[in-house]
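Engineer: Before we start, here is the structure in question, set down as structure tokens.
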Amino acid sequence: NNVKPQLLLLEYELYTLLLVYKASERDIIENGYPAFSLDFPDKVLIKNKNPLYNPITKSHSSDPNTRICCRCSKTYKIDINGEYVKQEDCIYHWGRMRSQRVAGQIEKTYGCCSGKISSGGCAVSKYHVHDSDDTQLLSGYVKTQPLRKPLVNNESYGIYALDCEMCYTMEGVELVRVSIVNHKLQSVYETLVKPHHKILDYNTRWSGITENQLKPCNITL
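Quick note on the numbering used here: the sequence shown kicks off at 794 and runs consecutively.
Structure (structure tokens):
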């Protein structure tokens, strides 16, 4: 079916309706989105993003050279340059746990291979990776600039949907592609982005990005 949905609302009408779903400042912070710090005006705070946090034990490591793999939950070490002390394969399940009824009982299995919760991983990667930032305070973020003139009747700030594809690098996760569409589903911006650090895994299964695609890219954000 190639028929695109038709928007029966004017842009300002849709904009007004969407304001109901606008996240509060508290929601933004609690869900791990960047929020500008009151103590450090030029930096942002990202809550619950720490490479030393182990989701299995729900505890933090005191060793700054320790990382927790976000795919297999294994602890691994890095040196002062961020390089692996000992390189080893990461064996993991790429699918989430799901519950299904089997012989009248609820059984949890992995969505990738239907393996049981105690089964070994079904995918292998060259590196362990983490999805957090090295520090909770980050610089380099910018705010959306306010309009030079106030809105008048039947005007809106515009409605855009932004999608970011990420890859795993030595510093955590970094941007590799940005896509933006307007309220009519028309593309207004699309670009590949070169990460600032060494790429460990292109995350191709989810990002769709390959090494060959990113090689000629020299755009940084």
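Don't be surprised by glycine CBs; every beta carbon is placed ideally from N, CA and C.
Would you give the residue range spanned by the beta strand (DSSP E) that Gln-893 belongs to?
Structural biologist: First-last of the beta strand (DSSP E) with Gln-893: 890-895.
Engineer: Using alpha carbons as the reference points, say which of Thr-937, Arg-894, Glu-967 and Gly-888 lies closest to Leu-985.
Structural biologist: Answer by Cα proximity: Glu-967.
Engineer: May I ask you to list the residues that DSSP assigns as paired with Ala-954?
Structural biologist: DSSP lists Val-974 as partners of Ala-954.
Engineer: Of the residues Ser-918, Val-878 and Thr-902, which one's Cα is nearest the Cα of Ser-911?
Structural biologist: The shortest Cα separation from Ser-911 among Ser-918, Val-878 and Thr-902 belongs to Thr-902.
Engineer: Suppose contacts are defined by Cβ-Cβ distances below 8 Å. Is Tyr-877 in contact with Val-922 by that definition?
Structural biologist: No. Outside cutoff.
Engineer: Which value, in whole angstroms, describes the spacing of the CA atoms of Val-895 and Gly-908?
Structural biologist: About 13 Å.
Engineer: By a C-beta neighbour count over all protein chains shown, 10 Å radius and 16 as the cutoff for buried, is His-886 buried or exposed?
Structural biologist: By the 10 Å Cβ count, His-886 comes out buried.
Engineer: Out of curiosity, what's the CA-to-CA distance linking Pro-827 and Asp-820?
Structural biologist: If I take the Cα positions, the gap works out to 11 Å.
Engineer: Taking three-plus beta-carbon pairs below 8 Å as touching, is the region 971-988 in contact with the region 858-872?
Structural biologist: No, the region 971-988 is not in contact with the region 858-872.
Engineer: Going by DSSP, what residues sit across from Ala-916 in a beta bridge?
Structural biologist: Paired residues: Tyr-885.
Engineer: Taking 8 Å as the threshold, find out whether the region 932-952 comes into contact with the region 799-808 through three or more Cβ pairs.
Structural biologist: The answer is yes - the region 799-808 touches the region 932-952, with three or more Cβ pairs under 8 Å.
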